[in-house]
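Following the UniProt record's numbering, the numbering of the sequence shown begins with 30 at its first residue and continues without gaps.
The structure appears right after this line, and notes come after that.
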Amino acid sequence: PVIKTYDHILVDLPKPGVGLITFNRPRALNALSTALFLELNDALQTLDNDDDTNAIVLTGSEKAFAAGADIKEMKDLSFSKAYNTNFITSWSSTIPNIRKPIIAAVNGHALGGGCELALMADILYCSSSATFGQPEIKLGIIPGAGGSQRLTALIGKSRAMELILTGKTFSGTEAGQWGVAAQVFDSAEECVRGALETAGKIAGMSRLSVRAAKEVVNKSQDTGLREGLDYERKVFHGLFGSKDQKIGEPMSLEIISNALHLL
Ligand code: CAA
Numbered sequence: 030p031v032i033k034t035y036d037h038i039l040v041d042l043p044k045p046g047v048g049l050i051t052f053n054r055p056r057a058l059n060a061l062s063t064a065l066f067l068e069l070n071d072a073l074q075t076l077d078n079d080d081d082t083n084a085i086v087l088t089g090s091e092k093a094f095a096a097g098a099d100i101k102e103m104k105d106l107s108f109s110k111a112y113n114t115n116f117i118t119s120w121s122s123t124i125p126n127i128r129k130p131i132i133a134a135v136n137g138h139a140l141g142g143g144c145e146l147a148l149m150a151d152i153l154y155c156s157s158s159a160t161f162g163q164p165e166i167k168l169g170i171i172p173g174a175g176g177s178q179r180l181t182a183l184i185g186k187s188r189a190m191e192l193i194l195t196g197k198t199f200s201g202t203e204a205g206q207w208g209v210a211a212q213v214f215d216s217a218e219e220c221v222r223g224a225l226e227t228a229g230k231i232a233g234m235s236r237l238s239v240r241a242a243k244e245v246v247n248k249s250q251d252t253g254l255r256e257g258l259d260y261e262r263k264v265f266h267g268l269f270g271s272k273d274q275k276i277g278e279p280m281s282l283e284i285i286s287n288a289l290h291l292l
């Protein structure tokens, strides 16, 4: 793809099939301003549309994945302005529509919106020293980008209540123990490397199956079991019509692109 240059994020293609987006607002601990989010959406959309990219890694710095929504933007926000502008609508306008897997590699602070953004990823990796939390209560607000819903679904009501009502943080080690993170690494570097490795592995699978798998797993998050199972079976059946299924796995990127070309 044409890799654009942005002001608040860096976009890179570190290995075949893998796009890497790095938040780059070091002086604000990668606070997720609207400007940053619009760039993130644009980069995600570009990578999603790119035929050579099959998986996306999202990361910040060793010090901060992201320290939340930009507090400076919220300081003077009134109810009517928040409501009229549908404040932080950019957070949900694009990410739910990205069809390629997104892996978050979380190091340092992942607070407020930073934690919520990490929870929006398809797979979450972190380092043991990462710090997650929903400190909004200390600002007189509540999580506004899914924290109360996604975190509660992941860790259960009692733990979620304690975190959201007190603003207390939890560590990367706890994120692993509680099932928030799929893997916990000893260092930031290993965490990013691990995420890139997994992204590379996924990028070597059938793109069609990866897309279908992401779709059906996500379906489980917002439907009842019966509807979800019906949906899964329909997509499962559909994949028997694909060339990828006839070829089998594991496949090289070359075979996949040839197969997709034939579809
Ligand atoms: N927005 C804007 N700027 C932020 C920020 C944020 N969320 N978090 C940190 N910064 C800025 C600080 O203002 C500071 O900038 P200046 O040097 O210009 O003052 C710089 O980043 C470094 O921050 P600190 O000096 O505070 O760094 P620290 O290492 O002492 O502390 C921290 C780190 C514990 C993460 C602390 O910065 C902090 O508590 N940040 C706020 C976290 C927070 O409350 N996030 C929730 C936001 S609300 C939200 O996200 C709503 C939602 O659900 C969508």
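All C-beta atoms, glycine included, are put in the ideal place defined by N, C-alpha and C.
None of the values given here were measured: they were computed from a predicted structure.
From the options, residue whose alpha carbon lies closest to that of residue i
i	options	result
Asn78	Thr123, Lys44, Gly97, Ala98	Thr123
Leu73	Ala189, Ala241, Ala133, Ser107	Ala133
Gln178	Cys144, Gly48, Lys44	Cys144
Asn53	Ala96, Ser200, Val31, Ile131	Ala96
Ala224	Tyr35, Ser238, Gly89	Gly89
Ala98	Leu168, Tyr35, Thr160	Leu168
Glu68	Asp273, Ala210, Ser119, His266	Ser119
Gly257	Gly267, Glu244, Leu268, Phe269	Glu244
His266	Leu65, Ile276, Ala241	Ala241
Ile50	Glu102, Trp207, Ala228, Ser121	Ala228
Gly175	Gly208, Leu106, Arg236, Ile117	Ile117
Ile85	Lys44, Gly141, Trp207, Ser62	Lys44
Asn70	Ser156, Arg236, Ile127, Lys248	Ile127
Val213	Gly173, Leu153, Thr34, Ser121	Leu153
His138	Leu76, Val31, Ala57, Lys263	Ala57
Asn247	Ser235, Glu261, Met234, Leu192	Glu261
Leu65	Asp36, Cys155, Gly48	Asp36
Leu146	Ile131, Thr82, Ala211	Ile131
Ala150	Gln163, Leu180, Pro164, Ser157	Leu180
Cys220	Gly270, Val47, Ala159, Glu102	Ala159
Lys197	Val239, Gly48, Ile166, Asp259	Ile166
Leu237	Lys275, Leu148, Phe94, Ala211	Lys275
residue 330	Val47, Ile32, Ile38	Residue 330 is absent from the model: the chain starts at 30 and stops at 292.
Val239	Gln206, Leu194, Ser109, Leu268	Leu268
Buried or exposed by the 16-neighbour rule on C-beta atoms within 10 Å, applied to residue i
i	result
Ile285	For Ile285, the pLDDT reaches just 49, beneath the cut-off of 50, and the residue's location in the model is therefore unreliable, leaving the point undetermined.
Pro125	exposed
Lys92	exposed
Ile171	exposed
Asp251	exposed
Val40	buried
Ile100	exposed
Tyr112	exposed
Leu254	exposed
Lys129	buried
Thr114	exposed
Pro55	exposed
Leu292	Below a pLDDT of 50, predicted positions are generally treated as unreliable, and Leu292, at 44, falls in that range; no measurement from the model is reported.
Leu106	exposed
Leu140	buried
Ser156	buried
Gly233	buried
Asp259	exposed
DSSP state of residue i mapped onto helix, strand, coil
i	result
Thr118	coil
Gly267	helix
Ser156	strand
Val135	strand
Leu148	helix
Leu87	strand
Gly143	helix
Gly97	coil
Gly257	helix
Leu292	Low local confidence applies: a pLDDT of 44 at Leu292 is under 50, so the model's placement there is unreliable, and no value is given.
- [ ] Could I get the ranges of all uninterrupted alpha helix (DSSP H) runs contained in the segment 169-228, with 4 residues as the minimum, in chain order?
- [x] 181-184, 186-195, 201-206
- [ ] Run through the segment 33-74 for me and flag every whole beta strand (DSSP E) of 3 or more residues, listed as ranges in chain order.
- [x] 38-44, 47-52
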